[in-house]
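A.B. asks:
Chains as they are written, first to last, in the working numbering: chain A, 1 to 116; chain B, 117 to 230.
#1: Within the same chain, show all residues whose beta-carbon is closer than 6 Å to that of residue 126 of chain B, passing over the 5 residues directly before and after it, in chain order.
#2: Would a check of beta-carbon distances place residue 66 of chain B closer than 8 Å to chain A?
#3: Just how far apart, CA to CA, sit residue 44 of chain A and residue 207 of chain B?
#4: Note down, in chain order, each residue of its chain lying with its Cβ closer than 6 Å to the Cβ of residue 118 of chain A, except the 5 sequence neighbours on either side.
#5: Report the residues of the region 27-55 of chain A with a CB closer than 7 Å to any CB of chain B, ordered along the chain.
#6: Given that residue 99 of chain A touches chain B, what residues does it touch there, using C-beta distances under 7 Å?
#7: Of the residues that make up the region 156-188 of chain B, which ones have a beta carbon closer than 8 Å to any beta carbon in chain A?
#8: Closest Cβ-Cβ distance between residue 217 of chain B and chain A: below 8 Å?
#9: Mind listing the chain A neighbours of residue 145 of chain B? Cutoff is C-beta to C-beta under 7 Å, in chain order.
#10: Can you confirm whether residue 117 of chain A, when its beta carbon is compared against all beta carbons of chain B, has any partner nearer than 8 Å?
#11: Taking Cβ-Cβ distances shorter than 7 Å, what residues in chain A pair up with residue 122 of chain B?
#12: Establish whether the CB of residue 93 of chain A and some CB of chain B are separated by less than 8 Å.
#13: Tell me whether residue 147 of chain B is buried or exposed, calling it buried when 16 or more other Cβ atoms sit within 10 Å of its Cβ.
#14: Under the rule that 16 or more other beta-carbon atoms within 10 Å means buried, what is residue 217 of chain B, buried or exposed?
#15: Would residue 169 of chain A pass as an interface residue toward chain B - the criterion being a Cβ-Cβ separation below 8 Å?
#16: Do residue 177 of chain B and residue 139 of chain B have their C-beta atoms closer together than 8 Å?
#17: So who's on the other strand from residue 120 of chain B, going by DSSP bridges?
#18: Could you name the residues of chain B that residue 110 of chain A contacts, counting a contact when the two beta carbons are closer than 8 Å?
#19: Buried or exposed for residue 39 of chain A, going by 16 or more other Cβ atoms inside 10 Å?
#20: Please confirm whether residue 104 of chain A has its beta-carbon closer than 8 Å to some beta-carbon of chain B.
#21: Does any residue of chain D bring its CB to less than 8 Å from the CB of residue 55 of chain A?
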């Protein structure tokens with residue numbers, strides 16, 4: 001139980017294009033989801049918190065117009081990296097808060113983005 | 117957010133117990149202590165969490181100091197699959213269904229030798 005799935009697992013895109021990453025809670029409803037990015041050999045950095053039906057809250061220094069987050073349903077949040085550049089290449093990880101399990105946060109498998 | 121301090125790395129032998137320490141001297145009364153672990157190229161995996169009392173589950177045990185300024189994650193018998201980065205994180209509870217976010221530090225790299 002408490003499975004969070006991301007898609008795609010990895011994606012390569014051309015510089016200047018946009019790419020969308022999906023995060024789904026498969027067996028629970030998640031009113032709150034979180035998006036992180038992680039560079040090699042570094043820790044996870046929280047990018048934003050998304051609440052179903054409302055605008056995401058971005059962490060300081062994260063460009064909201066570049067990293068578009070949509071939390072349209074209780075089981076789906078999406079992260080769109082717009083006008084991607086090579087420096088956006090990273091491991092993107094989503095997580096979801098499971099209210100049925102004391103609001104424990106469960107993480108997806110992560111999505112590797114490479115911008116060429 | 118209250119911070120945690122963990123050793124950069126630790127080593128263990130397979131089938132031996134492992135005690136991973138975490139210091140959180142500025143913890144507040146509403147902070148829960150959470151542990152996650154992360155294998156390479158995977159998302160973090162929930163391990164255990166607690167508030168004041170020691171906790172046990174099928175993965176590990178969490179021992180919390182009486183003053184709550186430190187805690188220890190205990191893996192009773194390490195296996196090669198336990199080799200990972202272990203993160204100790206404080207998560208604020210604001211009441212009702214309002215919980216804080218998880219802010220990751222650098223964690224402890226656990227190496228398990230056969």
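Glycine included, each C-beta is placed from N, C-alpha and C at the ideal position.
Keep in mind it's a predicted model, so treat the numbers as computed, not measured.
C.D. replies: Taking the coordinates as given:
#1: 224 and 226
#2: It is not possible to answer for residue 66 of chain B, since the shown part of chain B is limited to 117 through 230.
#3: 15 Å
#4: In this structure chain A extends from 1 to 116, so residue 118 of chain A is not present and cannot be described.
#5: 34, 43, 44, 46 and 49
#6: 213
#7: 157, 158, 159, 160, 161, 162 and 165
#8: yes
#9: None at all; the shortest Cβ gap to chain A is about 18 Å.
#10: As shown, chain A starts at 1 and ends at 116. That puts residue 117 of chain A outside it, with no answer to give.
#11: Correct list: empty, because the minimum Cβ distance to chain A is about 11 Å.
#12: Residue-level contact by beta carbon holds for residue 93 of chain A and chain B, with a gap shorter than 8 Å.
#13: buried
#14: Counting of Cβ neighbours within 10 angstroms places residue 217 of chain B among the buried residues, the total reaching 16 or more.
#15: In the structure as shown, chain A starts at 1 and stops at 116, and residue 169 of chain A therefore has no counterpart that could be examined.
#16: Not closer than 8 Å, so no.
#17: Paired residue(s): none; residue 120 of chain B is not in a bridge.
#18: 157, 158 and 159
#19: exposed
#20: Answer yes: the Cβ-Cβ gap between residue 104 of chain A and chain B drops below 8 Å somewhere.
#21: Protein chains A and B are contained in the structure displayed, whereas chain D is not.
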